[in-house]
Each structure stands twice: as structure tokens, then as C-alpha cells.
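There are 4 protein chains.
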Amino acid sequence: MSKTKKLKLGLVGGGPGSFIGAIHLNGALMDGMFELAAGAFSSNPEKSRIRGEELMLPSERVYDSYDEMFEKELQLPESERIDVVCIVTPNNVHLDPTLKALKAGFHVALDKPLTLNYTEAKELYHAVQKSDKLFLLTHTYSGYPMIKQAKQMIANGEIGKVRKVYVEYPQGWLWKLLETENNKQAAWRTDPTKNGLAGCMGDIGTHAFHMAEYITGEKVSQICADLYIKVEGRPIDDDGVVLMRFENGASGVLMASQTDTGAENNLKVRVYGEKGGLEWEQELNNSLTVRWPEGPDQIYRAGTGYLGSLANENTRTPAGHPEGYVEAFANLYRNFARCIYAERNGEKPKEEWLDFPGVEDGIRGMAFIDHVLKSNKSEQKWTPFIVEK
Amino acid sequence: MSKTKKLKLGLVGGGPGSFIGAIHLNGALMDGMFELAAGAFSSNPEKSRIRGEELMLPSERVYDSYDEMFEKELQLPESERIDVVCIVTPNNVHLDPTLKALKAGFHVALDKPLTLNYTEAKELYHAVQKSDKLFLLTHTYSGYPMIKQAKQMIANGEIGKVRKVYVEYPQGWLWKLLETENNKQAAWRTDPTKNGLAGCMGDIGTHAFHMAEYITGEKVSQICADLYIKVEGRPIDDDGVVLMRFENGASGVLMASQTDTGAENNLKVRVYGEKGGLEWEQELNNSLTVRWPEGPDQIYRAGTGYLGSLANENTRTPAGHPEGYVEAFANLYRNFARCIYAERNGEKPKEEWLDFPGVEDGIRGMAFIDHVLKSNKSEQKWTPFIVEK
Amino acid sequence: MSKTKKLKLGLVGGGPGSFIGAIHLNGALMDGMFELAAGAFSSNPEKSRIRGEELMLPSERVYDSYDEMFEKELQLPESERIDVVCIVTPNNVHLDPTLKALKAGFHVALDKPLTLNYTEAKELYHAVQKSDKLFLLTHTYSGYPMIKQAKQMIANGEIGKVRKVYVEYPQGWLWKLLETENNKQAAWRTDPTKNGLAGCMGDIGTHAFHMAEYITGEKVSQICADLYIKVEGRPIDDDGVVLMRFENGASGVLMASQTDTGAENNLKVRVYGEKGGLEWEQELNNSLTVRWPEGPDQIYRAGTGYLGSLANENTRTPAGHPEGYVEAFANLYRNFARCIYAERNGEKPKEEWLDFPGVEDGIRGMAFIDHVLKSNKSEQKWTPFIVEK
Amino acid sequence: MSKTKKLKLGLVGGGPGSFIGAIHLNGALMDGMFELAAGAFSSNPEKSRIRGEELMLPSERVYDSYDEMFEKELQLPESERIDVVCIVTPNNVHLDPTLKALKAGFHVALDKPLTLNYTEAKELYHAVQKSDKLFLLTHTYSGYPMIKQAKQMIANGEIGKVRKVYVEYPQGWLWKLLETENNKQAAWRTDPTKNGLAGCMGDIGTHAFHMAEYITGEKVSQICADLYIKVEGRPIDDDGVVLMRFENGASGVLMASQTDTGAENNLKVRVYGEKGGLEWEQELNNSLTVRWPEGPDQIYRAGTGYLGSLANENTRTPAGHPEGYVEAFANLYRNFARCIYAERNGEKPKEEWLDFPGVEDGIRGMAFIDHVLKSNKSEQKWTPFIVEK
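Residue numbers (UniProt numbering), protein chains in the order written: chain A, 1 to 389; chain B, 1 to 389; chain C, 1 to 389; chain D, 1 to 389.
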């Protein structure tokens, strides 16, 4: 198969009205490296059909189930069949389609968190490790160019040894018992059987945790968690704080909430080192504030000529032409595609392309959920953070 | 032709290293309504071929010239051939391919400004008027959801009769004689034979002018222009101000520069009416500030539930998940596509879909350029603004 | 003594090069209600004399010690002698001059924190309680008009029952071992014998704690503290986090650091209730962001006509004419003076004037320090917060 | 008279409810260099008495008129009498008290603009020139530390030769016919007999003009003015734009309005040179944005250690402790006082202290008003700007 063909995508999930499925598609399609070729959009075949039509897929490539999709696609000639499976279902439907897709020989892009629980995570981890297929876990926020720039600056020692990490992820959309008001998003995300046992911490706390480790390159070694159910009647946490200690001696605070009434989605990260500090917030994602103790702050901007290679490989517009959330997704998908092409062509991918989240990030995220739940129940302040695989 | 097929796009221009061609593609592809099917990417056949390969087009759909593309595509079965031509060449190559594309029966999406000069504009205007094909002129900034919201709020009388419009477009990239440093973008944009006689005012002043009329729904009736060449050796303006008077009695100031050293691309518009004011800036495009004389300012945010239908039809992410410049392009293309589909299916398009810039906007933009050049030379303060067609 | 005379101020501390002494004076003098009448500016008589000259005091009112000041001032006729003692010395010199000033019959304005330690705090607490003199503790940040507005809105139930409080106070000035570089401020603030046993938490954590309780009107009932010494060689904490639980069931996070390299002084507080949220940051102190889950955010601005009585009584310029840190100080002093005048004139002060921090705030702040140190050493997650008096 | 006595201030104007009179006092008193000693606060003796009492002046120093004040004060011993007259009356009461105060031997601080009209301005100009008294004209905004920093950076050539100046001053408070609603401020400022013939341009356009010349060090040589009366029934302009050309070849745009409904007071200035750009806005006055074409933007902050001498001499708090409008006033008064002291002590004042606006700025401001009115009536685009004295 030559480089001159787009990667064919088969979607699992993302039925009518799905938020994240549509965004995955926007991101995957934007750069012209993927084309949507097939889908099993819903466990309800009628809904799958409707969504397939909306997406202008030929009806024979719209399936009633992912099992059917994998089976039928394998029967197509290699040049026709899908190359990549993109899975955007609730967390309880992550493990099974991923295992089967890998087994069927497809690359997999999976929405976070990795699985429903830590036990599943270990199974999926090993399956990916044993497979020769590529695996993308869409920790979207790591796709932003200024996050890439921050990561590279920290790795280069520009702010010195990291001392402190603040990461906060305030949302307010679950400020009331929305799950009882026919809101599908709210319903599954607050249902422990579909979402897992950590609510807010599973949904967005894992993003914040990934950000903390990704941007600093440091690993968490101990945590102290304090979770809350702020809206009466909700079965799982919708708010919480996690104190963190890192292996290098740095400390951190992770705050996540879905009941900070009125807050939107302003993931914010701040890292302070021995020589300087970095600050970034998602709602102003094209800027990175760099603070110095004895000189003026600097505002690094996406799309400028003075950025490093990691940011440069993850942008498409010049400075002042804002990129956003969809482009962050697109960056993950573009790097994933570049690596698939490189593999096909027997080329070595650029180091910058390999910088997309995968199963190592995924299992750490599931360990985070597991340890947070444990620490929250403990009367001891500190719980060691140990990732078993 | 059924709705269930993507629209096939044929690109004119956008060769290797082109900025705007790539962005048009990102925008057109993102929502899965278009697919790139053919291209004549450069007047240099070798460059066209290279770009075609990058874009993974089959070689038989990569052409040496747009003439060849139109001819050969027409020979393909209707279900195979392109539906829409997207033209992203320098301004001196706008008129000819547009006329030919329309004549060949293709819909046309054209980068602004409409043509090289006002005479050409009139010709193109009439060609579009006579054609039954749809025509999109990519005044990108009118695609932003919060601009749509502002337009709708003003139309609804929420800020009262418009009194004042400030629109500013400060760039700094031409702060030095970049056109002598092997910068292709700078080279054609400062060459009057390729760009036309207005430099900064043609390139970005037309965007600002379009914004002023689009957002307010008011028409300019008189102008007073003052242009400058700030960088010695440049043949055409790189900076200027235009005072405006509107038919309804409002006044305005339009500022555009490409030599505001260090400025990026922060198009900003402010409209004040008898009851309130609106402020928007492109680098913070997901917010619209609404000012009231006797109550707190409000920050309207993209993706929220309280916006009007125009904004709602032009967004894809929930609040706090920033959309940007590429999505603004995508909004133009999506509305354009929705109208093409509606036509095909004999349906009436939604009013909100019809709200994309076209040839009326285009000829007004060319009249703006023409009158600005005239007013700049005049010792009289005011020059009437009359659009001849 | 009639209202028509300014209040005479006697300063304790604030010698040459003092930061906070000069600011207290700016704040007290600005509104013309106080005049500086005497001072014991330093324990070094020569330095006291130099500072007295700078401040244009007659030499006979510049004293070698506060003991001398109190003694000599009492010998002056009542109409000449000082009315108010303002104490701006290091924490180890808070208790003694305050006790003596009260005993001598002077009102006292004291810089925070109340005392060197909790034991002293209880003694001072009872002395103030028994005295008939007024007592001001300068928790500056509670003097900002938009903080007053926030407090009033919360008290009025505008955002519903409080669920969550974030308060952060990031500074970076102690990013290195500044105390060894002949920096007087750094020297005493990192010296446990002068500052007390809590470094960062004593200096700015107490401000943050006061803010959390002041703005919400809720009381802390449990804490979990985690303190750090980020700069090697420093004897006391320069960084830390305190998780908080409030009596009403709300939770909170308090972050304070003096080693967030590059950070200035951006005290920030966010409160989320069942109906809405409030956000304020000191470096943009003239705005208060009010967030709603189903409508646009609002930006309340200082000096506007729509604010409540608490804000109105604590401002002096119209909207858009920024007030700042010095005015926040001035607001404390003005309210203090208004209450002194009211007492003299046998009038009932307005409720808004009485809203300045005093000894109740002071003892809670010292209890905070005490409990934070205890919790930091504990392996238990939660430490009950009980204020003994 | 020694340095060890505060300067005694006699106020002309600033009666009950006055805005600007109170602010002048806040600014003058804050640093302890002035004390209010006398006042003729209103042409209505009863109002003058009331205000005198509010300000706790002894009744014998509260006068029925400024004539009385000058006469009676001269009869006091030199050590008792006022040193400085501060005039904060409407513009039609600027010339007479200033001439008389100078003649009586008092230094004068006068609110802007200089006089009611250009003819008066010339008379006052020569009176000040001939006098040996010091004269301060309170162009407040030039007192901000970051404006001082910008001025010094431009003077040092840091952004290269100045090419472009934008200065805008949007207010909205006169959005309706407030002058008919018993608003005293609005009444005199829209009354040509008290305010002069230029409304908005006289009140705030002169501030903007002063800023443009002050910050750049360049002089305007030609203007093109376009004024409006946006609110029907108002006799003088409430909105306008002035294009400017400077002697050095730079161009500029000055926008001022009092009918930008909802706008507060955000004076903003942007200067672009051949090497970089500077941006400042009053509502965020503690920051100065410095833009570079090939490196990250920088945010210079007030109170930091890396600023130049001009900023340093005009600040009082460390970084992150915001100063504001009152401190800008205080900076003018402090420099004025420092120069008066220097003169008394036969010392040479620091160059930085001499940097306060005076009669040269004043007459240029009045010439600005005069030329703007002329240009506004002219059909010619450009009107030469020539300052006659």
C-alpha cells in the first residue's frame, strides 16, 4: 500500500448527537490524511444507519455492530478495507472493540480513559504491547502546540528543575442533576457501570493528570485525594482535589470539578522551576506565558518563527490565526497518521511525530483513577502511586 | 446526484508552500462534506504534480493548468467529476478561472479580494449574476460564530441604532522589505501586477471593510482615505486609515496596517449603538463582549446554549472548547455545501446557511479599493462611495 | 474632640526602606482623615530620626522607641497628642506595642498577622476585647471594592449556597535564597524568631485564609496541610497547599507560594455556589467575573452605578479609573476612621463602615497558622480546625 | 522655608460632589508632601463652607471666593500661608484664578485643558513664562509608570524610529442627553460657555493628543479632523477622529468619544517603530506590552527591578500590587513637589522629576482644540498644525 492513499477510518460509536465522535472526525479529516470509510455508530442499528447517512457513507459500509464491521471489512480487498479503527464509545465499551480491532489487524485510536477500570486496563495494555499495530489514546490537550512548546522548553532545562505543578480543570456543566433531564452525555458519564467508579476524576481528572506528567516529563510517586459529590443524588464524584508528589521531589496540586457552576472548560497548567515559570490555559490556547524572576514576562505565541520543533510540527496557521480544540485533535491524528505512513514506507518517523499519547499514558491514567479512589477513602494523608502493568 | 455523496473539489492554486490554499482545504475537509478530487496547483506543472502527490491525489486528476482541469473533468462521468472549483491564486488569476469554471458548470469558491481591479470585478459580477452556479467569496472572518451572533443581535436591535463602528486590522509581518528576501507571500502581495494597486488595503483592508458592513448591516456612503508606504522601496501601500460615513448616519474608522511591527493578525471590531456596544477581536474569537451603559458587561461565549440561530449554525464544539480560524473557513464552506445540497435536493436552504459572502460582497470590496485609492490622492476630505456594477 | 480635626497618627516601625510602612501611610493619608503626627520608626534611634525627617515630622515628635512615644504623647494636651497608633513592625514586635498602645488609650491599626504565635494571639485577643479602643488588622485584600461586592452578593444568596472555594496566592520573590543577599524583607520573613514558625503560610497564607472566610461568610472546620521548603537552606516553609472543609459543607483549596518563580502577587479567589460562580484576581482588581450556568458571564466593574452598598462605600473613582492596592489600604483606614468619628460624635456607624478586619479575624488567622503547622506534621489527612480564644 | 514642612495647598473649586477635585486631593495628599490648608471650593459660599467642613479645614481658611483666598492668605505669615494653588474649576474659570495666583506668588496646579479657548491660552502661557512660579497641568495619564517606561524606551531607540501612533479614548457616559437629567458633570462639560467649543475633543481628546506627543517625543504637524454630535440636542461634539501627521514622518490616528455606549475610560495607546511596538491601556495600566517581529512579546510590569529611571521615580509599590489612577495623579503632584523643594533648597532637581506636564503641553493642547475645530469645518483633508504662542 503506497503513501498516496488516504488512511481509511472505521468508526465505533459516535451515533446521532454524539459530541466527541463528531470532533474526532473533524480532527481526523481536516488534514486530508484520513477518510471515513465505514462505521458501527451505535449499538442501535437504526441509529447507526441514520448516522451513516448523515456522514454520506455508502450503506454497505454502515454496520450494526463493531463485530460485524471487523468481520465484513476483513473480507474486502486490502486496498478497500479500513486501516484504522476509531473508538468513541462510553468507557465500558473500550476494551472489547480495541482487543478485537487489534486482533483483526487494524490500528486503533481510542478515546480516553483507557478502559472501564484498572483490571481491564492491564489487559488492554498487554494486548497493545503484543500487537504490531499502532495505538493512539486521545488525550487531546497534549496536542496543543503551546503545550508541546512548554514540554520542549522544560525538557531543555529552560526553567530549571521543576519544583511545582498546578493543574486545574474546572467545568460547571454538571452543576445540577442533569442526568435526570434526558441528557445523554450526563447520563452515561455519571453511571458507574458505563463510566467507571470515578466520575469527574475519570472524565477530566485523567486529562489533568496526563497534562501534569506530559508537560513536565516527571512521574507522580504519591498522592492525597479528596473527592466530593456536590450534587445530591449523584452516585459518583463530581469534584475533587489531588495533591501530588513527584519522583524528582516536585509537588503538585490537581483540581478538577464538573460542578464549578458557570465554568466552561478552562484546563490550566502552571509549572514553576528553579529558574522560571510557564503558564497556559486552554481557553487562550495560542499563548504560553513564560515568567522570569528578574526580567519581563514573555508571551510565546503559536505559529511564530521562534518556536521549537515540537510546536512547529503541530501547527498549521501563522501567528494570530487561532487554532483550537479541533486542531489539537487533528494534531494527534496527524502524528498518528505520519507514523503509520512511516511504518508502511519503512521510514523512520520524526521524533516529534512519535509524541502522541498511547497505552503507557493510558495505563497510568487508569492507575491514577484507581489510586485516587483508594486515597479518597483513606484516612492517611499520602498514598504511594505505583503503576502495575 | 444524491445528498449521500460528498462534494468533489477541484483546487486552482495552492501549490507547495502556499499558506491560504492549505487552509482552504483544512476548512473544506473538516466537516466531511467535501473531498479533494482534482487540482491544478501551480502554473508550474512540476510543482502541481508534487503538491498533488502530497495531497494523495491520483496522478490523473492532477493537472498542468486549470484549463486542462476544466476540460478533462468535463469528460468524466458526472458522478466522478468535480462539483466545486476552489480558486486560491494571486489576485491577477481570479477572473479568468472563475469565468471558465462557471461556464463549465462548476460552483466556485474564490479567495478574496474578488479580482485584480474594479473593471474585472464588474465583469465577474455579471458573470456570477447570469450563472446558475453558487459562488462563495472567502471573507473568512464573517464565518466566526461570535461575529454571526453580533450581526444577529444588531439586526434584532439589541444595541439600538448603530452610531459608530471601529474596525482595525493590525499586522506587522511586512515591517521590513521582506519581498526582497525570497518570501513568496510578500513578493506577490506587494507586486501591483499580481495583487492590484492597493497593497495593505486590498489584502486586509477589504476584510475590515467587509466586517464593518457585514456586522452592522449598514452601507458605507462616503470615505476619507489616508494611505502610507511605511517601508521604503515598496511600490504600494502597507498602512492606512479610512474614515467612513454610513447611509444611516453612523460613522466609522477603519485602520489596517502590515507594518505595525510586532502585531500579528488581531482583526478587531467594535460597534456602538444608542443602547449598547459590542466588541470582538479575532485573537480571542470565542468571546463577544457586550457593553451596557447601566449594567454589567456581558461576555457571550461560543458554543453556549443562549446564542442565536446564526451562531448556532456556525459552531461545532461546546463552550470552552475553542474554535478558531480554520473553523471560520469551515463555516463558510459548510454553509456553501449546505446550499448546494439544498439546491440539488430541491429544498429551501435555511436562512442561516445562505449567510455566506458572495459576489455582492466582492464587488463592494473592489469598489472599496477603487475609492480608497481615489480618496487617498484627493485633497478633498470626503469622497462619495458609490458602487457601480 | 470634634469631627473637624484629622486623626493624629503615631507610627511604630516603617523605618528607612520599609515597604509596608510607606504603604500604610499612603493609604491612611490619601483621604485626608489622618495626619502623621509622631513616630518611633526604628529600634535604631538614628534610623528613626532619618525617617522622621523624610516624613517632615517635627523632631520632637520623632521618638527613639514606642515606649518613649506613648509616654511623651500622653504628656501632650489631648488636642495635640496622637489618636491612633499604627504598628508596622515584624511579627515579634506586634504584641508588646499593641498592648501598651491600648493601655495608653490609643486606637490601634496593626499589620497582619496578629502576633508571633498563637499564645500571644490569645493574649492580644483578650486585651482588645477588654479595651474600649478600636482595633484594625490590615488584611488589605478585604478592602478592595469588588471583594466587598462579591461578599455582598454571596450574602444575598445570588450564587446560591456556597459549594467550593479556591484561593491561591502565588508569589515568586523568594525563588532563591534572597535572605542571604542582604535583603531585609527576606531576612526577617524567613527568620522564625521574628516571623513565627510558618513562613509563606504566615505571611500570605493568612491573607488567603482570611479571604476565603471573609468573602463566603463561611467558617473552616477541618484542614489538610502540605507545606514545603522549596529553596534549600531556608528554615521555614516557602510553599504549600491547604485543603479546607467548611462548616456548611463546602470544600476549598488554598494554595500559597513564595517560590513560584516569576509570579508576582496575584491573589485570586473563586467561589462557586449552587446557582453561579464568582472570580476575582488582585492584579485585575477592578473587575469581578460572575458566571452563570445558562446565561452569559457578567463583568462587574468598580465605580459603576449598579454595585451594592459595600462596594460603593469603598471606592472613590468612577468606572474605568483604576483603583489599586493603595486604595484597598485606604479603604480599611477610611472605614476605621469613620468608626472612630462616629464613636466620638455618639453616632451609629454605617454597617458598611464596620466591615474592616479586626481581632476576631486576627485570632482565626493565628489559629490557621497553628493548625497548618500541626496538620503538616500529621500523617492523618484531616485535622479539625478549632479556634481557642 | 525648610524642606521639613509640607507644602500647603489652597484649593479653588472641588465643591460638594465634585469628582476631579476629590481626586486631586487624594493624589496630592497620598505621599505626605502636601497638606490642605485653605480652599474656595465653590462660587456659592454656603457650598464652599460645607465642603470645607467635610475636609476638616478650620473655618477661617474656607473662603467665599478665590479672590478672597489669595488676599487673606497673603496676610498670613509666610510659614502659615498656602504655597500652592490647585485649580479644579470648569474651563471658563481657569485663566483668571491662575493669573491671580501666580501674581500673588503661589505655585499653580491646574486641571486640563489649559483654558476656555486658544486666546486665553496664549495669555496664560506668557503669564507662566514670565512668572518664577512652577506650573503643573494635570494630564494625569502621563503620570502612569508604564507610560513613563514607554516614553523612555522610545527615547532610547528601543523600538526604532516611530512610524505609527494609535491613541484612542473611548467613553460612553454621555450616551444619552445626561445634561438634561440634573447631572452637573455633564451639564458644564456640554456647555460651550463653560467648557469651550470642543466637547469630547476638549475634555478627553486633549488627553489623547498629549499622550501621542508625550510618549513618542514627536510633534504633530498636520491634522484631519472629523467630529460628530451623536446625541441629538447636544450643542458640541461628543465623538470624533483626528488623523495626524508628525514632523518626523510618522502618522497617527486619534479617536475619542463620549458616546461609545458602555465604554468606560480605557485610554489606549499603541506606538509602532521600525524595530518593535509598544501597547498600553489605562484599564490595565500596570502592564506594558512590547512587541517584537521575530521574538516573543514581552510584558513589562510596574514595580519590577528591570524598569528605567522614569518609571522607577513614579511608582511606590512592588510588582503585583496594582497602582492606579489616583497614583498617576499622585505622581504628577509628587514630582511637582520635589521640584518645588529642590528650588527652595537650591538643589538641582532630578531630570525625572521635571517630567511633569506644564504650560507648553497646555498651549499645544489648546492649539489642538483650535485646529481640530477648524479642520472639522474644512473640506480640505489636511490642516497644518501650527502652534502660535
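Glycine is no exception: its CB is placed at the ideal position from the N, C-alpha and C atoms.
On a predicted model such as this, the values are computed, not experimentally measured, just so you know.
Beta-ladder partner(s) of residue i, from DSSP
i: A:TYR272; result: A:LYS164, A:GLY277
i: B:GLY107; result: For the sequence presented, residue 107 of chain B should be read as His rather than Gly. According to DSSP, B:HIS107 bridges with B:VAL84.
i: C:GLN298; result: B:GLN298, C:VAL290
i: A:GLN380; result: C:GLN380
Buried or exposed by the 16-neighbour rule on C-beta atoms within 10 Å, applied to residue i
i: B:ALA155; result: exposed
i: D:ASN44; result: exposed
i: B:THR115; result: buried
i: A:LEU110; result: buried
i: A:SER2; result: With a pLDDT of only 43 at A:SER2, under the threshold of 50, the placement of this residue in the model should not be trusted; the figure read from the coordinates follows. So A:SER2 ends up on the exposed side.
8 Å contact criterion, which residue i and residue j should meet: CB distance rounded
i: D:CYS224; j: D:TRP382; result: 6 Å
i: A:HIS24; j: A:CYS86; result: 6 Å
i: C:ASN265; j: D:ALA319; result: 7 Å
i: C:GLY172; j: A:GLY277; result: 7 Å
i: B:LEU95; j: B:VAL128; result: Not really, about 11 Å apart at Cβ, beyond 8 Å.
i: A:ARG234; j: A:THR261; result: The pair is not a contact, with the Cβ atoms about 14 Å apart (cut-off 8 Å).
i: A:ILE369; j: A:THR193; result: At roughly 15 Å, the Cβ-Cβ gap does not stay under 8 Å, so A:ILE369 and A:THR193 are not in contact.
Beta-carbon proximity of residue i to residue j, cut-off 8 Å
i: C:GLY202; j: C:PRO90; result: no
i: A:LEU267; j: A:TYR141; result: yes
i: C:MET69; j: C:ALA302; result: no
i: B:VAL220; j: D:LEU243; result: no
i: D:TYR306; j: A:GLU294; result: yes
i: A:GLU274; j: A:ASN248; result: no
i: B:TYR66; j: B:PRO97; result: yes
i: B:PHE34; j: B:LEU76; result: no
i: B:PHE356; j: B:HIS371; result: no
i: C:GLY32; j: C:LEU55; result: no
i: A:LYS122; j: A:LYS374; result: no
Proximity test, Cβ basis, 8 Å: residue i and chain D
i: A:GLY305; result: yes
i: A:GLN152; result: no
i: A:PRO296; result: yes
i: C:GLU279; result: no
i: residue 393 of chain B; result: The structure shown does not extend to residue 393 of chain B, since chain B is modelled only from 1 to 389, so the question has no answer here.
Short CB-CB distance (under 8 Å) between residue i and chain C
i: B:ARG270; result: no
i: B:ILE299; result: yes
Proximity test, Cβ basis, 8 Å: residue i and chain A
i: D:LYS5; result: no
i: B:THR317; result: yes
i: B:GLU283; result: yes
i: B:GLU323; result: yes
i: B:LEU102; result: no
i: B:MET30; result: yes
Chain B within 8 Å of residue i, Cβ atoms only
i: D:GLN185; result: no
i: D:THR259; result: yes
i: D:ALA263; result: yes
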